[in-house]
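Residue numbers (full-length UniProt numbering), protein chains in the order written: chain A, 1 to 165; chain B, 1 to 165.
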DNA sequence: ACTTATTGGTTGCATGAGCAACGGTTTCTG
DNA sequence: CAGAAACCGTTGCTCATGCAACCAATAAGT
């Protein structure tokens, strides 16, 4: 399992160790947590990640437009659009045209949607707590502050602050 | 922009603040860094994330099977399979059947693949360095150790250690 | 040795997401 | 006030990806 240091030709030297590469580590960790979390909202409620983010945002803010949700959840507007359609079909949210600006639609959770939110949010928080329970409270704070600092910086490296899921 | 605390019915209370939710934060940060990094290997070399991981792994280990790469890069085997096909077509890697076990194929970079690796890896490292330059060296170490601790723990919460990109 | 289970890798299928173009509205500008 | 520009949201297209079924090869069990 070790490295064959001398191949036929000059062995190319190891420039980068993937497991130590920060973007890789971040992706792995994000994937792990996303997947674990998805087991909650996908298996139990049939929600996709975007759908879950829509619900979480509406649970947090009561009423928002699709665009607000996209910005807030760092999702593409088409992603949000489809998630919203699907949630509406399932009767979890309602859309109401904004009479002041008829381009946009105000979205809100239905009672059924709220019920899901109220059931899901505590489970999500419990998961989070369980996840970070390996860290000391002090470490938890530190982690969050480091992540935020990095995120702010990373945002400035990309052209914009848009993105995907 | 604040919360309308008293809606028609009982306003549902905010249970979860998305921006403070760790899995969300991790996803945002991972997306930001992935996208920024992808600008390097996608725009300049036309590589996808899986392709880049294959190259990085082969650059690191010289010779591996597809399965090794999948495990190592936390990718699905079908993802790796397709990435490998595409890289082979482009002449960046070669496959050689393992005579000892003819189910598997040994993969290695071609000179062209190595050239890309040798050009790309330093750029990736430079990007990483630039990214973490907002953190003090001490903070960088801390971040990595926290991430690793969390990753190990998260892995134990999922059924397996497989995943996606 | 023969059957059965396991493993490495590929591929068809369905889903999901980004992109870009579009329709309908509002705002900005002259 | 008319035309251009910006903006919200939708949709067709394409591509990436996870899943599951599958083929070929090896290992395990009897």
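Every residue gets a Cβ at the ideal spot worked out from N, C-alpha and C, and that includes glycine. None of the values given here were measured: they were computed from a predicted structure.
Could you work out which residue in the options is closest to residue i when comparing CA atoms only?
| i | options | result |
| --- | --- | --- |
| residue 59 of chain A | A:157, A:18, A:126, A:107 | A:107 |
| residue 121 of chain A | A:31, A:14, A:38 | A:38 |
| residue 22 of chain B | A:127, A:15, A:156, A:138 | A:127 |
| residue 155 of chain B | A:24, A:31, A:16 | A:31 |
| residue 153 of chain B | A:137, A:138, A:133 | A:133 |
| residue 157 of chain A | B:137, B:129, B:145, B:138 | B:129 |
Excluding the 5 residues flanking residue i on each side, which residues of the same chain have their C-beta closer than 8 Å to its C-beta?
| i | result |
| --- | --- |
| residue 131 of chain B | 33, 36 |
| residue 88 of chain A | 94, 95 |
| residue 55 of chain B | 47, 87, 92, 93, 109, 113, 116, 117, 120 |
| residue 100 of chain A | none |
| residue 8 of chain A | Low confidence applies here, because residue 8 of chain A scores a pLDDT of 43, under 50, leaving its location unreliable; read the following figure in that light. Hits under 8 Å: none found. |
Cβ of residue i within 9 Å of Cβ of residue j?
| i | j | result |
| --- | --- | --- |
| residue 147 of chain A | residue 125 of chain B | no |
| residue 123 of chain A | residue 40 of chain A | yes |
| residue 135 of chain B | residue 143 of chain A | no |
| residue 18 of chain A | residue 57 of chain B | yes |
| residue 69 of chain B | residue 44 of chain B | no |
| residue 50 of chain B | residue 75 of chain B | yes |
Per DSSP, what are the beta-bridge partners of residue i in this structure?
| i | result |
| --- | --- |
| residue 65 of chain A | A:106 |
| residue 94 of chain B | B:108 |
Excluding five sequence neighbours on each side, which residues of the same chain lie with their C-beta closer than 7 Å to the C-beta of residue i?
| i | result |
| --- | --- |
| residue 62 of chain B | 108 |
| residue 66 of chain A | 77, 80, 81, 84, 105, 107 |
| residue 64 of chain A | 57, 58, 107 |
| residue 72 of chain A | 57 |
| residue 24 of chain B | 18 |
| residue 163 of chain A | Low per-residue confidence applies at residue 163 of chain A: pLDDT is 37, beneath 50, and the placement is therefore not dependable enough to give any value. |
| residue 165 of chain B | Because the pLDDT at residue 165 of chain B is just 37, under 50, the model does not fix this residue reliably, and the value given afterwards should be weighed accordingly. The answer, listed in chain order, is 49, 50, 75, 79. |
Between residue i and the rest of its own chain, which residues show a CB-CB distance below 6 Å, the 5 nearest in sequence each way excluded?
| i | result |
| --- | --- |
| residue 47 of chain A | 41 |
| residue 150 of chain B | none |
| residue 98 of chain A | 104, 106 |
| residue 20 of chain B | none |
| residue 16 of chain B | none |
| residue 102 of chain B | none |
Is residue i near the ligand FAD, with its Cβ less than 8 Å from a heavy atom?
| i | result |
| --- | --- |
| residue 42 of chain B | Here there are no bound small molecules, and the ligand FAD is not part of this structure. |
| request: Using a Cβ-Cβ cut-off of less than 9 Å, list which residues of the segment 29 to 57 of chain B approach chain A; keep chain order. | output: 29, 30, 31, 32, 33, 34, 35, 36, 37, 39, 49, 53, 56, 57
| Looking at chain A, which residues of the segment 71 to 90 of chain B have a Cβ within less than 8 Å of any of its Cβ atoms? | For chain A, the residues of the segment 71 to 90 of chain B that bring a beta carbon within less than 8 Å of one of its beta carbons are 72, 73, 74, in chain order.
| field | Members of the segment 111 to 137 of chain B that neighbour chain A once the beta carbon cut-off is set at 9 Å | value | 111, 114, 117, 118, 120, 121, 122, 124, 125, 127, 128, 130, 131, 132, 133, 134, 135
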